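To convert, take the position in the sequence shown, counting from 1, and add 121; that gives our numbering. Where a beta carbon is used, it is the ideal one built from N, C-alpha and C, also for glycine. Everything numeric in this text was worked out from a predicted model, so none of it was measured.
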Amino acid sequence: MTVMKSLRRRAPALPRRRAGALAVITVGVAVVLSPASTATAAEGPAPQPREHRIIAGVHTDAVSTFLDDGRLALASKADVAEGNGTRFAAEDIWFHLADDAKATVPAGYEFLAPAGSEVWIAPESNPGPGRLWPGFSTESVPAGAIEGNQTTFTLTGLEGPGSVELFTAGGFGGAKRLWSSDEDGLKSFAVGRTHMHANWAFTTAGTYRISVRATVTVSGEQQTAQAVYTFVVGGLPAAAGTTVALRASATTVVAGDRVTLDATVTPQDAPGWVEFLDGGTVLGHAAVSGGQATLATGDLPLGSRSLSARFVPQVLNRFARSASDPVTVTVTERAGGEVFAITGVADRYTAGEQIDLRIVGATLDDGEKWRWIIRTAGQTTEYVVGETDRFRRDATVALDEAEVWVEIVDAKNKTVQESGRRTLRVDGPNTGTGEPVVITGLQARYYGGDPVRVSVEHRPLTDGETSRWVSRIVPGGAEWTPVPEYGLPEPVPGTPGAYTIDSGWLNQNEWAYEILDAAGTVIGRSPAFLAEILYRELMLSGVRTVYRAGDTLEASSELYPARDDVVYEWALSDDTAFTPIPDATSGSLELPVTADLDGKWLSVWAMDAAGGYSVAGAHKQLRVTDAAPGEQMLFLDSLSGHYHQGSPVRLSASADPAAGDTDTYRWLWKRADQADFVVMEKITAATHEVPAEQALDGTQVKAELRTAAGELLATSEPATIYVDDHGAAPRQKVTVGGLADSYRAGENVQLTASVSPASVLTRWEWYAQKRGEDTPQVVPGQNSAQLSLTAAAELDGATVFARLTFDDGRKYVESTPVVLRVTGAGEPGPTLSVSGLSDGEYQPGDAVTLQAVQSPQGPLTTYQWFAKRPGDADFSPVGGETGAAYGFTATRELSGAQYQVTLYDGDTVVATSTAVTLKVAAGQQGGSASKSVTATISETDGALVISVDDGDRAVTLPAAELNASGDRWESTGALKPVTVTDTRSGRPGWSASGQMADGFRTSDGKAFTGGYLGWTPSVVQQGDQQGVVAGPVTAPDVSGRPTAGLGASAPLATAPGGAGRGTAQLDAALKLSVPTDTAAGTYTGVLTLTAI
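Okay, structure coming up:
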């Protein structure tokens, strides 16, 4: 139930300084204070600013405990895009409780504020999508790691504009208060290993810093951890704008002169730093003091320097970055001298014109040299194109939009000066020079190794004239040089002027064809041509991870993209030798395995069949084991270097010696987002294919060979699946179905996401963005393909989409949004949620108790629980479960089951909860397998039977009374006789025990655990020499932990081996002890008795 509290105007109980009865001793302290001054500058960029992550509109375990290397730690967890339960340091985040959390304080909650006052409430029950739902969690600490699994949370301090109250719904509609910033007696509460929520109440909008201490006991030693949690209540303040202005002490200086740069930041109380920049180079930084920061430098390089200042705030949430207008400071070698620069750059060039650039305003010292640099458009690589005081080259379109500059470097090749950068602009097309030479048949791009067929046309050559192919690297080459003999194009027989070029030689090179006179002077040159070269991939597969000598290696290759007219070459190599494999010219290879192949590399190349040009290659290292013959081994065939989505990934395992007829294979894999290997379900054969998809990139896969009985015989080494689509998006598409034209307020909205083609990923996130909001918010607790939520007026016009994610929360693909239409929103009815379900995994046999929570609590008490178990198409009502609580026992078969509850007014649906999903731990990897075992016991072998007379099956305890201390309701009674009969001739002994796993509950859903019940066993009657011994006393647990008292299995009686045969009658004195705030009612539970 969500309840409100009232505000009282009291003096805060947790101020920064408190008066009290103290033993005081005085000590003299001296300190020297100096006036504030501008901070000292430092080299390099400013420290990185802090930006607090805003946690808003999601479920969060705001206060969470962890054990880090055995030490207690306090932090937070939140359901964010990276994944549910993502851990955050408390100092890195702010929790935002928006104005939609405002509520009016009802009567009876004046500890919050006077009735009718306005407060902000983060509720105990789920407030729905887009609302902050903070809680506490101790589940990250392993069970049993701390004594009693008990943690105490203490409120140690508060800074903020108002008061903070923390409380839960108590018995009889009241409140159980946990923390109060205004009352000294409400500072601590203890919990077991749990995930819980409470109502957080804030009396005033603003920023609250809540100091918390957690206390546990580990191996007898008390440990504590501290953290400060920040809640921003009401509107989230935007970062305040800033400005920074820069002033230089001089605008014209000689190299080496000192220049002082003064920056003024407004507002002057904005904490942070100022970075001083020369263009994009940081000169240094200084902390801001009183709005001022200063840097003095004598190291400005030659040239016209564009200096600026950049304000870097300490915290980006509080103040924004800003930058000044640039200030130009001109630095020359001598007073009145020229500015260091490049001259001769034209506004635009026409292809074929000469680019002739020179340097002014700088001279070289001993050991220094010039270095011309060019970076072509769209590239990050810089090329050195010359080391003289002049750069000359004919303009071609390859240089269009290229940047050019010159550096002065010292004897150690370190840059000491750099000119400004100039941009070259060249208009095409490229043109030739001298007599006409024309090349035809060119394309804009080729694959490496593909033949390039061109024709060259020019006038007939006269005596003494020659022709040649020339090239130059782009952009570094200025001069044309003859193509070396090994790269020359091959003339096409019978076709004058036709040539075939190996496309590999065209990569990053301009080519041309020249005519030369008898003296060797160029008298004609074709226009330069430049082609983009792409590369095919050769994927090698079939190579096992390990071989034995005597095996046969069977490898295959696949060329992508495929092409015809390819031959193959295979070779073996190591550090000392390279050995071609004779007659291996196809894309596949069979090779006998010998011991000397261990460690060698197997290589394959695809070659152009006609020209012998290299198209692509692949390599794998071979391993040959020296394991003894007969030792069972399991090998995986190698996977391709990488796959493209949609292509088959063939998984193949080979056993040596061969697998028996009844042996089976088990395949396991681990994606990059998974911590452990998981079983690939329903795959028991030696080979299997899965379609490649991008989610499988980096997935490790291995195989196990097992006997029919499940005994592990051998495990392969893992292999890795790589999927690379060269920047393409995943081909999977997500769609959302089940959307109705409209919903009435209070009606259940159920949407289903589907993905096609199917994906190996199964984790979903659902997002809702209300009308008028800037960003979508994750819907808490909805990580399956089904979304279930209650339609509300605030969701009218909201967009909803589904996102398929990796297990670590990273986005994979998402649907296009759908729009909800909600009508009939009059007076808002109650919302319904399910509490009590652990965020973590249950163990098989654990008790699960679900609780329906109305917000606000109303008079209606008729519910119906629904379940959708694995394999079910839809939700089905749970027979007989019509109360506010629903309890059952966790089994592995129920893992993934979804549960929801509906509230009725007669036959009318008032509200339906969002579905919650049960998680039950799977069996241990490689552990036992589930089997159906049937045993037949003959009549002469006897039996072990535990029984209770029909009249003794119901035990009614007297009405609970207040104990002597006045802090517990207690009741005592008797179990009534339990009979154990053992007729087994072998006398193996036996043990009888009892457990109330599902606890107590009332017809209207109130409940408490079986941990509050205890017993004192006794043996009423037994046969001679039967040897039955009563079990020890099991006391009620003070905190009612479900794993203590009779909430856990407790011995009733035992008979040792060699005894126990006969009939024994047992009993026990029962004692129930519950807290005084337990809600009134008649509670019933089931005590299960077992004899083994």
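Might you give, ordered along the chain, the residues of its own chain that have their beta carbon closer than 8 Å to the beta carbon of residue 430, omitting 5 neighbours on each side?
As a first step, residue 430 must be located in the sequence shown, where it is residue number 309. So the list reads 365, 366, 367, 382, 384, 395, 396, 397, 398, 414, 444 and 445, once near-sequence residues are dropped.
Taking only beta-carbon atoms, is residue 1013 less than 8 Å away from chain C?
Chain labels in this structure do not include chain C; a single protein chain is all it has.
For residue 1170, tell me which candidate among 1198, 966 and 988 has the shortest Cα-Cα distance.
For the purposes of this step, residue 1170 is identified with residue 1049 of the sequence shown, where counting begins at 1. Closest in C-alpha terms to residue 1170, from the list 1198, 966 and 988, comes 966.
Would you mind sorting residue 1085 into buried or exposed? The rule is 16 or more other CB atoms within 10 Å of its CB.
Here residue 1085 refers to the residue found at position 964 of the sequence shown. Exposed.
Rounding to the nearest angstrom, what Cα-Cα distance links residue 1074 and residue 774 in this structure?
Position 953 of the sequence shown, counting from 1, holds the residue named residue 1074. Position 653 of the sequence shown, counting from 1, holds the residue named residue 774. Between residue 1074 and residue 774, the C-alpha separation is close to 58 Å.
Kindly indicate which residue of 1165, 1146, 1202 and 433 has the alpha-carbon position closest to the one of residue 1183.
Here residue 1183 corresponds to residue number 1062 of the sequence shown, with the count starting at 1. Of all alpha-carbon atoms in 1165, 1146, 1202 and 433, the one lying nearest the alpha-carbon of residue 1183 is that of 1146.
Does the distance from the C-beta atom of residue 943 to that of residue 864 stay below 8 Å?
Along the sequence shown, one-based indexing puts residue 943 at 822. Along the sequence shown, one-based indexing puts residue 864 at 743. If you check the CB distance, residue 943 and residue 864 come in under 8 Å.
Going by DSSP, name the residue or residues bridged to residue 1091.
The count along the sequence shown starts at 1 and reaches residue 1091 at position 970. The partner list for residue 1091 (beta bridge, DSSP) reads 1082 and 1194.
Taking contact to mean at least 3 C-beta pairs separated by less than 8 Å, is the region 347-359 in contact with the region 324-334?
yes
Let's see if you can read the secondary structure: which residues bound the beta strand (DSSP E) around residue 1143?
Here residue 1143 corresponds to residue number 1022 of the sequence shown, with the count starting at 1. Counting along the chain, residue 1143 falls outside any beta strand (DSSP E), and DSSP gives it neither H nor E.
When you compare only the Cα positions, how much space is there between residue 1041 and residue 799?
The residue you call residue 1041 lines up with position 920 of the sequence shown. The residue you call residue 799 lines up with position 678 of the sequence shown. Cα to Cα, the separation comes out at about 15 Å.
Tell me, to the nearest whole angstrom, how far the beta carbon of residue 255 is from that of residue 186; I am working on the premise that it is less than 8 Å.
Here residue 255 refers to the residue found at position 134 when the sequence shown is read from its first residue. Here residue 186 refers to the residue found at position 65 when the sequence shown is read from its first residue. Not really, about 15 Å apart at Cβ, beyond 8 Å.
Tell me the start and end of each unbroken beta strand (DSSP E) in the region 700-727 that is at least 3 residues and wholly inside, in chain order.
709-713
Quick one: give me the first and last residue of the beta strand (DSSP E) that residue 1021 is part of.
Against the sequence shown, residue 1021 aligns to sequence position 900. Looking at the DSSP string, the run of the beta strand (DSSP E) that includes residue 1021 is 1019-1026.
What are the complete beta strand (DSSP E) segments, minimum 3 residues, inside the region 810-860?
List check, beta strand (DSSP E) in window: 820-827, 833-836, 840-842 and 854-858.
Excluding five sequence neighbours on each side, which residues of the same chain lie with their C-beta closer than 7 Å to the C-beta of residue 369?
In the sequence shown, residue 369 corresponds to position 248, counting from 1. So the qualifying residues of the chain are 380, 382, 428, 448 and 450.
How is residue 963 classed by DSSP in three states: helix, strand or coil?
Taking the first residue of the sequence shown as 1, we reach residue 963 at position 842. Strand.
Are the region 745-756 and the region 639-654 touching, with three or more C-beta to C-beta distances below 8 Å?
no
Hey, is the region 715-724 in contact with the region 678-688, meaning 3+ C-beta pairs nearer than 8 Å?
No, the region 715-724 is not in contact with the region 678-688.
For residue 1134, I'd like the list of residues in its chain whose CB is within less than 7 Å of its CB, leaving aside the five on either flank, ordered along the chain.
In the sequence shown, counting from the first residue as 1, residue 1134 sits at position 1013. Closer than 7 Å at the Cβ level, and outside the excluded window around residue 1134, lie 1117, 1157, 1166, 1167, 1191 and 1193.
Quick one: what's got a C-beta closer than 7 Å to residue 532's C-beta in the same chain, skipping five residues either side?
Numbered from its first residue, the sequence shown carries residue 532 at position 411. Around residue 532: 488.
Would residue 1005 pass as a contact of residue 867 if the rule is Cβ separation under 8 Å?
The residue labelled residue 1005 in the question sits at position 884 within the sequence shown. The residue labelled residue 867 in the question sits at position 746 within the sequence shown. No.
Ends of the beta strand (DSSP E) at residue 975?
Here residue 975 is taken as the residue at index 854 of the sequence shown, counted from 1. Unbroken beta strand (DSSP E) run through residue 975: 968-976.
Given that a residue counts as buried once 16 or more other Cβ atoms are within 10 Å of its Cβ, and exposed if not, what is residue 898?
Taking the sequence shown and counting its residues from 1, the one referred to as residue 898 is at position 777. The residue in question, residue 898, is buried, as its Cβ has 16 or more Cβ neighbours within 10 Å.
Could you have a look at residue 524 and say whether DSSP puts it in helix, strand or coil?
Against the sequence shown, residue 524 aligns to sequence position 403. Note: residue 524 maps to strand in three-state DSSP.
Between the Cα of residue 779 and those of 801, 768 and 755, spot the shortest distance and give me the residue it belongs to.
The sequence position of residue 779 within the sequence shown is 658, counting from 1. Comparing Cα positions, the closest option is 755.
Which of the three DSSP states is assigned to residue 880 in this structure?
Walking along the sequence shown from the start, residue 880 turns up at place 759. In the structure shown, residue 880 sits in coil (DSSP, three-state: anything other than H, G, I, E or B).
First and last residue of the beta strand (DSSP E) that includes residue 81?
Residue 81 falls outside the range modelled here, since the chain spans only 122 to 1213, and no answer is possible.
What residue range is occupied by the uninterrupted beta strand (DSSP E) comprising residue 406?
Translated into the one-based positions of the sequence shown, residue 406 becomes position 285. Unbroken beta strand (DSSP E) run through residue 406: 402-408.
Return the Cβ separation of residue 984 and residue 973 in integer angstroms, given the expectation that the two are a contact with Cβ distance under 8 Å.
Numbered from 1 along the sequence shown, position 863 holds the residue referred to as residue 984. Numbered from 1 along the sequence shown, position 852 holds the residue referred to as residue 973. Confirmed, Cβ separation roughly 5 Å.
I need the straight-line Cα distance from residue 555 to residue 514, nearest angstrom please.
For the purposes of this step, residue 555 is taken as the residue at position 434 of the sequence shown. For the purposes of this step, residue 514 is taken as the residue at position 393 of the sequence shown. The alpha-carbon atoms of residue 555 and residue 514 are separated by roughly 17 Å.
Check residue 247 in the structure and name its three-state DSSP category.
If you number the sequence shown from 1, residue 247 lands on position 126. Correct three-state label for residue 247: coil.
Compare the C-alpha of residue 989 against each of 909, 935 and 975 and name the closest.
Within the sequence shown, residue 989 is the residue found at index 868, counting from 1. Checking every option, the nearest Cα to that of residue 989 belongs to 909.
Would you kindly work out how many angstroms separate the C-alpha atoms of residue 1127 and residue 890, rounded to a whole number?
One-based indexing of the sequence shown puts residue 1127 at position 1006. One-based indexing of the sequence shown puts residue 890 at position 769. Approximately 36 Å, taken between the alpha carbons.
May I ask you to report which of helix, strand or coil DSSP gives residue 379?
Along the sequence shown, read from residue 1 onward, the residue named residue 379 stands at position 258. If DSSP states are grouped into helix, strand and coil, residue 379 belongs with coil.
I'd like to confirm the pairing. Which residues does DSSP put opposite residue 543 in its beta bridges?
Looking up residue 543 in the sequence shown gives position 422. Partner(s): 525.
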